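Protein chains in written order, with the working numbering: chain A, 1 to 424; chain B, 425 to 848.
Below is the structure:
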């Protein structure tokens with residue numbers, strides 16, 4: 001079942017915003033067996049949109065259009081769609097109502113420009129009742145046209161919750177599909193690839209994809225088979241092989257987030273966590289608290305950026321800081337244990353390192369990070385040398401600290417080893 | 425001078441690799457006055473490539489094609505280009521020579537497949553003498569076709585060093601270009617649009633774009649004029665109008681980040697900052713410490729997620745928490761002042777609110793956030809009602825706290841008003 005994506009926006013063809021959303025959508029759709037054949041990106045140009053849209057609709061079973069649904073004068077998607085289909089624009093009363101409700105709720109003066117959003121091509125069916133920029137779809141003979149807002153969060157949400165279910169309902173596949181995404185922390189992409197090379201070669205209908213979403217590696221498996229039974233059988237085989245090969249490093253599947261996996265584990269055990277961060281600067285706390293309900297298990301975080309703060313808040317002794325330096329094993333240990341005791345929590349995590357670009361030395365180069373882990377059983381620390389720029393070092397450090405806790409909660413491993421463990 | 429980009433590769437339309445290179449190229453070209461009108465991404469499908477390439481060449485002065493120049497059987501770009509142009513493929517002896525030299529240098533056995541790379545469309549001129557996949561261009565009457573390797577580093581290098589100079593030589597511009605991006609915090613997209621509507625209508629050669637990168641709004645200005653003088657004059661006019669209209673809400677331009685703008689202001693004043701976060705959970709500290717050199721002005725952060733932590737670390741009195749609740753003016757004040765005094769810093773920021781999805785009440789619905797700001801002069805707090813889901817509420821809260829500090833540092837405004845200020 002083949003389709004196309006038409007992304008609209010001057011910001012895209014001007015390279016102000018990279019159109020990653022379309023490529024993400026192509027991947028998501030492929031997992032479901034819907035293959036994107038072309039991704040076109042065009043500016044807010046009525047004639048060009050009409051031309052390209054007509055062409056795509058004549059070629060493919062479905063078309064996804066994104067962008068240009070907003071209230072401003074450069075938003076011309078609705079007009080273009082109507083023109084391409086030879087339909088008129090009609091006011092959608094549900095949209096009008098929603099726009100007015102939102103203005104009221106947010107105490108905004110009425111802005112007539114916003115009503116432009118409610119002028120939709122005849123036959124448009126709204127995709128949702130809850131968002132301002134709803135998005136809509138049209139059934140055109142045997143093909144489907146989806147019009148989605150360009151705002152990435154809204155686009156992604158609607159694709160997953162509305163577009164894919166509608167495709168499955170209106171354009172059902174004749175083959176069976178199974179797919180799964182494996183989220184891996186702590187292994188190299190090339191090493192994963194090497195261990196699975198034979199799998200793809202030996203089994204037909206199995207498609208693997210490797211996506212470095214650093215510091216994680218995501219491994220996608222797509223199975224295509226003539227029947228549900230065959231797809232299931234093939235999937236079982238592949239799933240077992242992957243799980244057996246990489247197990248302690250697979251932290252989740254599909255939509256799982258490392259911080260949410262930890263949240264579930266802690267909630268189940270009714271245990272709590274506190275963190276003390278230096279070079280990650282609040283990134284670990286921030287990731288943990290992005291998860292709804294994290295107040296049930298996250299007690300506190302401290303970002304002890306200065307040595308003064310490390311002493312005052314965590315009680316790291318002055319002489320330890322002086323003798324060993326802030327980036328050292330005893331400081332990581334003192335921070336992890338300090339924050340755990342201070343918070344009265346079950347677990348304490350700490351990070352102290354050199355994220356760069358400055359601050360490195362021949363003995364402790366940029367990327368050197370000590371991570372500490374404290375629980376009832378023991379307090380331990382490990383040294384890492386992470387690659388990349390400041391942001392990547394911070395991302396690796398935060399990810400490693402979180403994964404360490406996960407490995408302890410799942411397997412009881414006190415000191416798990418990772419690709420960037422450097423000594424200790 | 426308008427052009428198009430045609431990117432070729434199954435890995436692109438399957439979403440295995442995100443085609444960011446094309447968007448990067450569009451941006452680079454626009455800065456030079458060469459406007460990309462369409463970016464098409466297609467698979468390794470001969471007929472489709474021929475069809476799209478012919479269409480693009482008939483419309484635009486130049487076309488950039490990327491990918492499919494390699495030695496493997498799925499590399500069919502040369503064949504497609506020849507077919508689209510009605511030319512034959514001829515062996516390029518320079519390429520043959522280079523391929524053989526490289527095989528020798530790398531001690532590789534001769535692989536006849538590699539010679540496929542030397543079969544180029546008649547008239548192709550190599551772009552460089554140093555790379556294996558050289559890339560080439562063709563002069564087609566008054567238009568230009570560039571064929572570049574898809575490997576991002578090679579593509580980028582050739583675009584900068586070869587393609588842009590060739591464009592300037594063969595397709596010199598008759599117009600001058602000026603462009604600027606305005607980054608705005610605290611105003612609505614529709615309101616900004618309303619105030620600038622007349623500008624675009626009255627002045628020809630001025631192009632505005634509105635991009636919600638929530639919680640920020642980015643406004644782009646592109647000026648096209650017949651001469652440098654006229655472009656500069658027009659730019660001055662538009663820049664003054666925009667600056668005057670939105671000034672206190674414009675936090676930066678082009679590549680500026682709010683947290684880096686604050687960093688510069690604090691560094692210049694040799695002042696320091698500490699933050700106390702509840703519902704933003706470390707997001708503010710994390711954004712600040714993403715900036716290199718932030719250890720010069722960021723002293724510490726505390727994520728006082730539990731009431732216990734608010735009392736213990738920040739000294740928020742028990743009776744205040746009990747009488748007013750954690751999400752209240754006195755708690756925001758106590759947190760901001762508490763963290764500032766504790767850290768001995770010049771400024772203290774605090775956030776306490778209900779990010780959701782649970783925890784709301786009729787009196788304090790989800791999205792209710794108190795933000796506190798403390799400096800030598802005073803300690804103040806403001807209540808906000810932010811829209812959206814948990815993440816958006818957190819993003820708005822963090823952005824507002826940071827922008828509040830910026831407005832104080834820039835204008836001395838103690839209590840700046842924002843679109844989501846709700847009372848107080």
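C-beta atoms are modelled at their ideal positions from N, C-alpha and C, and glycine is treated no differently. All of these numbers come straight from a predicted model, not from anything done at the bench.
| Check | Outcome |
| --- | --- |
| Would you mind giving the Cβ-Cβ distance between residue 574 of chain B and residue 491 of chain B, rounded to the nearest angstrom? I have them listed as a contact below 8 Å. | 3 Å |
| Going along the chain, which residues of its own chain have a beta-carbon closer than 6 Å to the beta-carbon of residue 332 of chain A, five neighbours each way excluded? | 350, 352, 370, 372, 381 |
| Got a sec, what are the start and stop residues for the alpha helix (DSSP H) residue 686 of chain B sits in? | 682 to 693 |
| Pick helix, strand or coil for residue 173 of chain A, following the three-state DSSP scheme. | coil |
| Establish whether the CB of residue 338 of chain A and some CB of chain B are separated by less than 8 Å. | no |
| Which first and last residues belong to the beta strand (DSSP E) in which residue 301 of chain A is found? | 298 to 303 |
| So with Cβ pairs under 8 Å, would you call residue 41 of chain A a contact of chain B? | yes |
| Which of the three DSSP states, helix, strand or coil, is assigned to residue 830 of chain B? | helix |
| Would you mind reading off the limits of the alpha helix (DSSP H) that contains residue 482 of chain A? | Residue 482 of chain A cannot be examined here, being either before or after the span of chain A that is shown, 1 to 424. |
| Just to confirm, is the Cβ distance from residue 564 of chain B to residue 509 of chain B under 8 Å? | yes |
| Mind checking which residues open and close the alpha helix (DSSP H) that includes residue 380 of chain A? | Counting along the chain, residue 380 of chain A falls outside any alpha helix (DSSP H), though it belongs to the beta strand (DSSP E) covering 379 to 385. |
| In chain B, which residues lie less than 7 Å from residue 26 of chain A when you measure between Cβ atoms? | 437, 438, 439 |
| Going by C-alpha to C-alpha distance, which of B/517, B/824, B/478 sits closest to residue 542 of chain B? | B/517 |
| Can you give me the start and stop residues for the alpha helix (DSSP H) that residue 506 of chain B sits inside? | 501 to 509 |
| Should residue 294 of chain A be labelled buried (16 or more other beta-carbon atoms within 10 Å of its own) or exposed? | buried |
| Can you name the residues that DSSP bridges to residue 636 of chain B? | B/641 |
| Looking at C-beta atoms only, is the number of pairs between the region 340 to 347 of chain A and the region 319 to 327 of chain A that lie closer than 8 Å three or more? | no |
| Look up residue 374 of chain A in the DSSP assignment and give the residues it is bridged to. | A/348, A/379 |
| Closer than 9 Å between beta carbons: that is the criterion. Which residues of the region 769 to 797 of chain B meet it against chain A? | 779, 780, 781, 782, 783 |
| Since residue 606 of chain B contacts residue 677 of chain B with CB under 8 Å, what's their CB separation in whole angstroms? | 6 Å |
| Between residue 502 of chain B and chain A, is the shortest Cβ-Cβ distance under 8 Å, so that the two count as touching? | no |
| Can you tell me whether residue 600 of chain B is buried or exposed? The criterion is at least 16 other CB atoms within 10 Å of its CB, across all chains shown. | buried |
| Does DSSP put residue 484 of chain B in a helix, in a strand, or in coil? | coil |
| Let me see if you follow: with CB-CB separation under 8 Å, is residue 10 of chain A close to chain E or not? | Going by chain labels, chain E is absent from the structure shown, which instead holds the protein chains A and B. |
| Assess, as a yes-or-no matter, whether the region 209 to 217 of chain A is touched by the region 151 to 163 of chain A under the definition of 3 or more beta carbon pairs within less than 8 Å. | no |
| For residue 17 of chain A, name the three-state secondary structure that DSSP assigns. | coil |
| Which residues bound the beta strand (DSSP E) around residue 35 of chain A? | 35 to 42 |
| Can you find at least 3 beta carbon pairs, one from the region 426 to 440 of chain B and one from the region 467 to 487 of chain B, that sit closer than 8 Å? | yes |
| Quick check on residue 455 of chain B: buried or exposed, where buried means 16 or more other Cβ atoms within 10 Å of its Cβ? | exposed |
| Should the region 687 to 695 of chain B be regarded as contacting the region 832 to 842 of chain B, the criterion being three or more beta carbon pairs within less than 8 Å? | yes |
| By Cβ distance below 7 Å, which residues in the same chain neighbour residue 703 of chain B in space, the five residues on each side in sequence not counted? | 775, 776, 777, 778, 779, 793, 818, 821 |
| Say the cut is 7 Å; is the CB of residue 288 of chain A nearer than that to a heavy atom of the ligand SAH? | No copy of the ligand SAH appears in this structure; indeed no ligand is present at all. |
| Return the Cβ separation of residue 705 of chain B and residue 289 of chain A in integer angstroms, given the expectation that the two are a contact with Cβ distance under 8 Å. | 2 Å |
| Does residue 833 of chain B come within less than 8 Å of chain A when only Cβ atoms are used? | no |
| Return yes when the Cβ of residue 659 of chain B is within less than 8 Å of the Cβ of residue 602 of chain B, no when it is not. | yes |
| Do you know offhand how far residue 2 of chain A's Cα is from residue 147 of chain A's? | 17 Å |
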